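Chains as they are written, first to last, in this note's numbering: chain A, 1 to 110; chain B, 1001 to 1115. Note that beta-carbon positions come from the ideal geometry of N, C-alpha and C, so glycine has one too. Being a predicted model, the structure only gives us computed values, none of them experimental. First up is the structure itself, then whatever we jot down about it.
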Amino acid sequence: QQPVQSPQAVILREGEDAVINCSSSKALYSVHWYRQKHGEAPVFLMILLKGGEQKGHEKISASFNEKKQQSSLYLTASQLSYSGTYFCGTEMYGNEKLTFGTGTRLTIIP
Amino acid sequence: EPEVTQTPSHQVTQMGQEVILRCVPISNHLYFYWYRQILGQKVEFLVSFYNNEISEKSEIFDDQFSVERPDGSNFTLKIRSTKLEDSAMYFCASQVRAIYDSPLHFGNGTRLTVT
């Protein structure tokens, strides 16, 4: 039931773009995205509720393909502050819990 | 901005001892959670709590674990007899309403070390 994220890790130069994917084997009700910096708590980025919904937050956006049970997080023109581990959290119909994915470690180098 | 606060930030205990991890959720939030994260690994769901009762729990949350909201503001996680494998970062989170449309707000965590 745990969503699978890909890639597991990615290294980018400042200004480059990245895509992080999150897939589930079960039908999803919502997808959350969080970023965790080393030694800190996860911090909320965005929630996607409907199939095909897209959201954006500055240069970070996400999409949710309900049919494919997938979500993707897009980071454009990455900044050093984007470094951290990104987790998707998925909620399935009938559950009252968020199950986090395996995580994607993003490293931005100058 | 209101925060979720957790105490202590670090707890060291001997195997077999009881520990209580404390959390003060954001005051108008209705849903409460405990998650744990073993160093460098994924964030694992333990338990959700709503309306003074457990609404869902994971396989990890066995009879050694319990949660309580003793006074309407604190939210505690008790581990009755700690094992080495309980060593992890424990995060409390709260949410203003149902999970599907509102974010989880996490505390800074309690690092539990069982020796």
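- For A/Pro7, no chain B residue has a C-beta closer than 9 Å to its own C-beta; the minimum C-beta separation is roughly 15 Å.
- Contacts with chain B at 8 Å (Cβ-Cβ) do not include A/Glu66.
- Note on geometry: alpha-carbon atoms of B/Thr1115 and B/Val1047 lie some 25 Å from one another.
- Nearest neighbour of A/Ala18 by Cα position, chosen from A/Ser78, A/Gly89 and A/Ser71, turns out to be A/Ser78.
- In chain order, Glu96 and Lys97 make up the part of chain A whose C-beta sits under 7 Å from the C-beta of B/Ser1048.
- Closest option to A/Gly84, judged by alpha-carbon separation, among A/Leu75, A/Met92, A/Glu91 and A/Thr90: A/Leu75.
- One alpha carbon belongs to A/Gly56, the other to A/Gln2, and they sit about 25 Å apart.
- For the pair A/Ala9 and A/Trp33, the CB atoms are not nearer than the 8 Å cut-off.
- Chain A places no beta carbon closer than 8 Å to that of B/Leu1112, leaving this residue out of the contacts.
- In the DSSP assignment, A/Asn65 falls within the unbroken beta strand (DSSP E) covering Ile60 to Asn65.
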